[in-house]
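Numbering (my numbering), first residue to last: 222 to 480. Report on the structure given below.
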């Protein structure tokens, strides 16, 4: 699906933002990108979505170099879910999701039945059919994020890039969006690269973890192998405790606070 080899990218000031990042992402897999602020998480997404020039290295998407895709071609294969959901007041839900069809339509082309079917499927997958005529500004944060994801699904992408999609949501909304992300990968067979801050969520949601520090890759592999007290100390500079939930295959990662 996605192959990244020795990726390097620079900030506008000329300093390296990413250095020698190498990983792959398989069909139906969730890869969580973790690291402290400034580690290069969002910068990585910008590089992989062609929003930031790649200085060195190779990125192949579905067997084709990323640099060989036009913007519209790339939008048919990859969709980006930003950290903050849309809040445009001039659109209702159905209209916003329909904007996701831009990659499949020519300018001024009439809306086709295929477009309508794709929108309907996106609304169904995200559980937002009942919101279709609601104005975006009238929705809760969790509802807006679901609609944002629906717009991306209307592009019919094979790969979803998500930049902290559950930030600023309450606990129930976080659980709902995390469950949706799990289903999109496991049932929808989409590949998902997701930036997260919640270590416990990443541990259970992701198939693998990519751990970054100062723009460099310091860990890559299954959650249980990459997320350890030692690796978290190295990447974040904090002490943590791993708590096993009795009679469940669940782990909670807590900061070891001492006052």
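Glycine residues also receive a C-beta, built at the ideal position from the N, C-alpha and C atoms.
So what's residue i in DSSP terms, helix, strand or just coil?
i           : result
residue 475 : strand
residue 447 : helix
residue 178 : Past the boundaries of the shown model lies residue 178; the chain is included only from 222 to 480, so the question cannot be answered.
residue 233 : coil
residue 384 : strand
residue 250 : coil
residue 379 : coil
residue 243 : strand
residue 423 : helix
residue 482 : Residue 482 is absent from the model: the chain starts at 222 and stops at 480.
residue 371 : helix
residue 238 : strand
Tell me where the alpha helix (DSSP H) around residue i begins and ends.
i           : result
residue 457 : 450-457
residue 398 : 392-407
residue 302 : No alpha helix (DSSP H) contains residue 302, which is instead part of the beta strand (DSSP E) from 299-302.
residue 263 : 262-269
residue 272 : Premise fails: residue 272 is in no alpha helix (DSSP H) and is neither H nor E.
residue 287 : Per DSSP, residue 287 belongs to no alpha helix (DSSP H) and is neither H nor E.
residue 417 : First-last for residue 417: undefined, no H or E at that position.
residue 319 : 314-319
Pull up the distance between the alpha-carbon of residue i and that of residue j, whole angstroms please.
i           : j           : result
residue 423 : residue 440 : 14 Å
residue 301 : residue 314 : 18 Å
residue 405 : residue 340 : 16 Å
residue 407 : residue 232 : 35 Å
residue 435 : residue 330 : 46 Å
residue 446 : residue 432 : 11 Å
residue 279 : residue 239 : 13 Å
residue 318 : residue 470 : 37 Å
residue 343 : residue 372 : 7 Å
residue 457 : residue 264 : 18 Å
residue 399 : residue 251 : 11 Å
residue 248 : residue 410 : 6 Å
residue 465 : residue 286 : 43 Å
residue 267 : residue 282 : 15 Å
residue 476 : residue 294 : 43 Å
Where does the unbroken beta strand (DSSP E) through residue i begin, and where does it stop?
i           : result
residue 172 : The requested residue 172 is not part of the displayed model; the chain covers only 222 to 480.
residue 278 : 277-282
residue 360 : Where residue 360 is concerned, there is no enclosing beta strand (DSSP E), given that its DSSP letter is neither H nor E.
residue 464 : 461-465
Should residue i and residue j be called a contact, given that it needs their Cβ atoms to be closer than 8 Å?
i           : j           : result
residue 442 : residue 376 : no
residue 417 : residue 253 : yes
residue 224 : residue 245 : yes
residue 298 : residue 378 : yes
residue 420 : residue 453 : yes
residue 304 : residue 385 : yes
residue 333 : residue 380 : no
residue 275 : residue 352 : no
residue 430 : residue 401 : no
residue 348 : residue 367 : yes
residue 272 : residue 382 : no
Counting only beta-carbon separations shorter than 8 Å, does residue i have a partner in chain D?
i           : result
residue 258 : Included in the structure is just one protein chain, with no chain D present.
Notebook entry, point to check: Counting only runs that start and end within the segment 327-353, where is the alpha helix (DSSP H) found for 4 or more residues in a row?
Noted result: Whole alpha helix (DSSP H) segments, 4+ residues: 334-346.
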